[in-house]
Structures are given as C-alpha cells and as structure tokens.
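Numbering (the numbering used here), first residue to last: 57 to 260.
Following this line, the structure appears as structure tokens:
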C-alpha cells in the first residue's frame, strides 16, 4: 500500500484530512521520512470519479472557505517559521509563478488476463486546455512490462500540443501503462478519453 508503506508512523498524530467539495475531493496530509518528519505528502480521493491521486506538498492547514472563491492553505515550514505563507489553491496554472510539474498515470492495461502481448500503434488525444494554448506541451509515455514483478520501462513517447490530431507509436508488451507529464506554467489541462490502436500480438 502506497500510503502506509511510506508513512512515518511515529508522527501519525500530525495527519489531518480536509475536503474540497467544489472538486468532490477528500485529501489526507501526512508525514514520511525520519522520526522527526513533518507533513510532506498527500493522498486525495475523488468520490465523484472514484479515483485517487498522490503527491508531495507541505501544507500545515487547509480549508475550503465558503466566503472565498478558492480554498486557502498554509505552508508547513517548521525550520523557519517566519517563512510560512498562505496560499490560494485551485487558482491559476503555475506553482506560485514557477512551472507546475504534474503527471497522471494509468494502472496496468492488459489483454486476456495478461496471456497475450499487445502492440500499440497509434493514439488520439482528448484534452481540454486552458490558458495560453501556444505554450502547451504534454509528454505522453507508453510504459510496459512483461511480468508482474518486472520494472516498467518506457517503450514509446509522443509530444502533444493543442493542434495534435493523432500520434504514431511503436510499443509491444504484455502490460502497458500510460503516463502523461507536463511542466508548464501558462496553461492548464483536463484529460478526456484517450483512444489507442491496440492489437493482439501473439503469446509467449
């Protein structure tokens, strides 16, 4: 389990949960690392879409303020308490003016309970972009592994912008994982339904 295998159990009393009803989310902030660790990580559950997301973020408090347009959170700098700030969340497309590194990844995708290899030849993107579309640059990776205990490797990549109609790939594996990365500061994006040309490519 991702959370409990990384949780600093001796500091579990610092864990707290918060809600963001505008996005149908419940988030837990928790510490990892050494015995004196403070909050560095989060795990979010979207109860409308029934999915989870994870990441690193040092927030000592978070509130969905009904009197404000966006949620407000406080940083958690315990080394230098004079360097803490209040942040407006869910606003803009940058990380306090810096590029916002983000990714989304699928679970493992297989055919016939993993009995067959698959060949991925083509993809059709489905994104909604916000902000400066001229700056859009998403990186899509097709990762794969042939056996459950293998380490996944990058099999093919494609760059996607606001004008991409389709992209061609060449990947073969028993199980694939789709990962999309971005590090932009001037745009936001929402992932729709990606489509791929996937065919059975024999057994081994």
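Where is the CB? At the ideal position from N, CA and C, for every residue including glycine.
Contact between residue 173 and residue 228 is confirmed by a C-beta separation of about 6 Å, below the 8 Å threshold. Residue 210 and residue 189 have their C-alpha atoms some 27 Å from each other.
Shown here, residue 77 sits in a helix according to DSSP, grouped into three states.
When the Cα atoms are used, residue 123 and residue 171 turn out to be separated by approximately 55 Å. Cβ-Cβ distances below 6 Å link residue 180 to 222 and 251 in the same chain, with the five nearest sequence neighbours on each side left out; the list follows chain order.
In this structure the region 137-144 does not touch the region 87-103; the number of beta carbon pairs closer than 8 Å is below three. Annotation: the continuous beta strand (DSSP E) that includes residue 107 extends over 107-112. Residue burial annotation: residue 230 is buried, with at least 16 other C-beta atoms found within 10 angstroms of its C-beta. Just measuring C-alpha positions, the residue of 132, 62, 256 and 218 sitting nearest residue 246 is 218. Ranking 132, 139 and 196 by CA distance to the CA of residue 178 puts 196 first. In the three-state scheme derived from DSSP, where H, G and I count as helix and E and B as strand, residue 162 is classed as coil.
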